[in-house]
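80 is the number of the first residue of the sequence shown in our numbering; add one for each residue after it.
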Amino acid sequence: MGQIIIAIDGHSSCGKSTLARSLAQEFQYKHIDSGAMYRAVTYHFLEHKINIQDEDTVKVLLEDIDLQLENNSAASTLLYLNGRQLDSELRSQEVNHHVSQVASISAVRKKLVLIQREQGRTSGVVMDGRDIGTVVFPDAQLKLFLTADQKVRTKRRYEELQAKNLLRDLTWGDIEDNLRSRDEIDSNRLDSPLRVAEDAVVIDNSNLTRAEQNAMTACLARQRGA
Ligand code: CDP
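Okay, structure coming up:
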């Protein structure tokens with residue numbers, strides 16, 4: 080069995096991490112959810128109440144951040160920020176609102192891309208995010224770009240938050256607005272904007288079941304050497 084790199088990029092809430100986990104389990108690879116890393120940095124900045132427009136303070140605080148990643152048996156990324164495990168905190172409304180702004184800061188991206196590349200050095204990896212096939216691993220053997228209809232994506236995120244008891248007072252409209260505004264910021268930022276890599280396979284999964292999508296992408300991964 081080969082040890083390839085599978086890069087999964089795409090719009091907000093179109094099931095990138097779910098697909099990444101399933102491919103990682105199938106091929107016994109590790110899964111890295113790069114979005115969780117941007118969320119962790121955002122959480123840290125919010126916790127320290129820093130002004131994210133202030134580049135000097137951002138740089139100083141970035142130096143204090145130690146991010147450690149681990150995979151559990153279900154190929155979920157466990158994330159430790161300065162030794163403390165973060166999980167549902169990363170999905171809060173406040174983090175949702177600020178994460179794309181934080182992710183547009185070059186100093187933040189530089190630090191996280193280094194950690195992400197390190198993760199790809201040793202063994203088979205499935206990494207999902209926005210710039211994995213274009214910037215982090217431009218030589219990845221398989222690049223997937225996922226998208227889905229806006230309504231379908233909003234429904235999935237609504238149901239996911241509901242299932243995790245994180246919906247609180249959020250309305251359908253709040254969720255839809257957040258997905259739309261993050262996609263807009265992610266696609267238009269100067270550093271590493273969300274783009275379809277030239278050699279990516281684009282999958283619109285609006286009408287695909289998880290099983291269909293898993294089968295299709297696992298087949299592609301095998302063809303590329305997984
Ligand atoms: O789960 P969802 O698709 O809603 O988002 P995520 O993957 O957790 O990513 C959260 C945010 O982090 C994105 O909206 C981007 O602003 C940023 N991000 C990024 O800029 N680059 C990545 N490789 C991954 C995430």
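Note that beta-carbon positions come from the ideal geometry of N, C-alpha and C, so glycine has one too.
CB Y122 to CB L169, shorter than 8 Å? yes
Just grab the DSSP bridge partners of Y159 for me. Q147 and Q164
Which term fits H127, buried or exposed, when burial requires 16 or more other beta carbons within 10 angstroms of its beta carbon? exposed
Which residues mark the beginning and the end of the alpha helix (DSSP H) in which G252 is found? W251 to N267
By Cβ distance, which residues of its chain are closer than 6 Å to I210, with the 5 residues on each side in sequence left out? The sequence given here has Asp at residue 210, not Ile. Closer than 6 Å at Cβ, skipping near neighbours: S271.
Whole angstroms are fine: how far does the CA of H176 sit from the CA of D319? The structure shown does not extend to residue 319, since the chain is modelled only from 80 to 305, so the question has no answer here.
Per the contact definition of three or more C-beta pairs closer than 8 Å, is the region 125-139 in contact with the region 170-190? yes
Segment contact, 8 Å Cβ cut-off, at least three pairs: the region 229-248 with the region 103-118: no
Would you call T201 buried or exposed, if buried means 16 or more other Cβ atoms sit within 10 Å of its Cβ? exposed
Rounded to whole angstroms, what's the CA-CA distance from Q164 to S152? Just pull it up for me. 16 Å
How long is the line joining the alpha carbons of R261 and G94, rounded to whole angstroms? 15 Å
Which of helix, strand or coil does DSSP assign to F216? coil
Suppose contacts are defined by Cβ-Cβ distances below 8 Å. Is Y159 in contact with Q147 by that definition? yes
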